[in-house]
Amino acid sequence: MKKRLLVHNGSISIGGQEKMLVEFLKALSPEKYEILLLVEQNIGDEKSYIEEIPEWIRYSFLTSQNFSRSLEKSRHSKNPLKRAWYSFLLREKKRRATREIQKYLDFSDIIIDYNMGLLRNLHKLNLEGKILVGWSHAGNGELPKSKQKRENQERYDYIVTINERMKRGFEKNTTHPKIEKLYNFMGLENIVEKSEVEIAEDFRYILSVGSLTENKNQSLLIDVFSELKKEQNIPEKLVLIGEGKERESLENKIKNLGMEKEIFLLGARLNPYNYIKRAELYIVTSKEEGFSLTTLEAMTLKTMVIATKTDGTREILGEDSKYGKLVENRKEELKKEIAYHLKNIDKRREYEELAYKRAHDFSKENAVAKIEEFIDKL
51 MKKRLLVHNG SISIGGQEKM LVEFLKALSP EKYEILLLVE QNIGDEKSYI EEIPEWIRYS
111 FLTSQNFSRS LEKSRHSKNP LKRAWYSFLL REKKRRATRE IQKYLDFSDI IIDYNMGLLR
171 NLHKLNLEGK ILVGWSHAGN GELPKSKQKR ENQERYDYIV TINERMKRGF EKNTTHPKIE
231 KLYNFMGLEN IVEKSEVEIA EDFRYILSVG SLTENKNQSL LIDVFSELKK EQNIPEKLVL
291 IGEGKERESL ENKIKNLGME KEIFLLGARL NPYNYIKRAE LYIVTSKEEG FSLTTLEAMT
351 LKTMVIATKT DGTREILGED SKYGKLVENR KEELKKEIAY HLKNIDKRRE YEELAYKRAH
411 DFSKENAVAK IEEFIDKL
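Here the working numbering is used: the first residue of the sequence shown is 51, the next is one more, and so on.
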């Protein structure tokens, strides 16, 4: 008899955590499991991974597309009134989603809250007799600020973490949930295949992929690149792939620096791999990363990574920078390493070969057995 799983996530739009959800679903066997995926937000197909959900998996949205688009429309506004409206819509989304999810609870006794998005409202759900799994993709396992969220966190039976520091944090700060560590992973063959698609750009470039947010810190990379261009006249350009609330601010910065012909914001791309493969260097400037998925993608495609030190990048690249260069989140250090590795191609190639081998430690084949072992014991 197949085991039924009810999987919840906030969205299926283009993003690292959402991409990991899709990889997680693809890894599970239709011979062993019957899955119902519940997604809170419905923004339509054009900027989502909806087409990549395996056909055998049922899915349903918990809010309407019109509501979700209204939410997205107000998300990036800096107008105080629109920001207040956005906050109201966020609360309303949670209220509606909580009401709707209650209708599906009879599907399974196992609920996987893949982004721990139910944390705010768990106390409003009738979960008697259910096994509840929270899957944490960010933070260090610190206690939520809200008393209600702290109480709700104890309602999870298991919390899955994606790096060692996060695991230790939850073990320190929770009493009831059992804490597991399961690395994120990628289907490497899929990445390689998509990387073969040609791109229009015919110049050499440095690349970074990620949501345009304060945490991803593309502003630092823009400053560093601008100085390298002006001080050392490097021939490469800078390409940023991603979308987010900092876009307008970054566009203004690029304009003020006079870099409109040197720095390009390409927006969100379902397939960034063809750009990653052709980049001279791949740069990560995040302030925090639970698991840097794009770092792993670059390593798979033999593009050297220079990344700021976070839990996620340390876990993948090694504390000693064995598989890519780790730097402090400071302009001068990042600038120095980019300049050095643009000039020293042999050193770059050395890193790329080591990184490629390291990426296979996170392959789907290595991860699936551990994930199924965990699910089968629930």
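Backbone N, C-alpha and C fix where the C-beta goes; we use that ideal spot for every residue, glycine too. As the structure is a computational prediction, the values presented were derived from the model and not from experiment.
According to DSSP, is residue i part of a helix, a strand, or is it coil?
i, result
"I313", "strand"
"G184", "strand"
"T225", "coil"
"N324", "helix"
"L431", "Residue 431 falls outside the range modelled here, since the chain spans only 51 to 428, and no answer is possible."
"E68", "helix"
"Y332", "strand"
"F111", "strand"
"L257", "strand"
"I161", "strand"
"L168", "coil"
"D156", "helix"
"D426", "helix"
For residue i, report the span of its beta strand (DSSP E) as first-last.
i, result
"L86", "Y83 to V89"
"A456", "Outside the displayed range of the chain (51 to 428) lies residue 456, so it cannot be described from this structure."
"T211", "Y208 to T211"
"K197", "Note, K197: premise wrong, no beta strand (DSSP E); alpha helix (DSSP H) at K197 to Q203."
"L55", "K53 to N59"
"L175", "L175 -> no beta strand (DSSP E), and no H or E assigned at all."
"L290", "K287 to I291"
Is the closest heavy atom of the ligand GDP to the C-beta of residue i under 8 Å?
i, result
"R141", "Of ligands this structure carries none, so the ligand GDP is not represented either."
Let me check understanding here. Comparing Cα to Cα, which of the options lies closest to residue i?
i, options, result
"H187", "V377, G362, K375 and R408", "G362"
"T350", "V289, R319, E339 and E243", "E243"
"S118", "S61, L238 and E338", "S61"
"K143", "Y154, I161, I160 and R170", "R170"
"G294", "P80, E400, K128 and E90", "K128"
"E339", "K197, E90, G189 and V355", "G189"
"G167", "E178, K199, F138 and T360", "K199"
"I356", "T335, K303, K197 and F253", "T335"
"E347", "Y255, G66, G317 and L193", "G66"
"I64", "Y83, K407, R254 and E101", "E101"
"L257", "K228, E310 and R328", "R328"
"Y233", "L131, S245, A250 and T211", "T211"
"L78", "P322, K52, R398 and T353", "K52"
"K386", "N165, K279, K132 and R215", "K279"
"K303", "P285, Y323 and Q268", "Q268"
In terms of DSSP beta bridges, what is residue i paired with?
i, result
"M236", "S413"
"V377", "T358"
"S98", "S63"
"K231", "T211"
For chain B, is any of its Cβ atoms less than 9 Å away from the one on residue i?
i, result
"N92", "The structure shown contains no chain B; it holds only a single protein chain."
Hey, could you find the ends of the alpha helix (DSSP H) residue i is sitting in?
i, result
"Y136", "P130 to I151"
"R125", "Q115 to R125"
"I304", "R297 to N306"
"L346", "L343 to T350"
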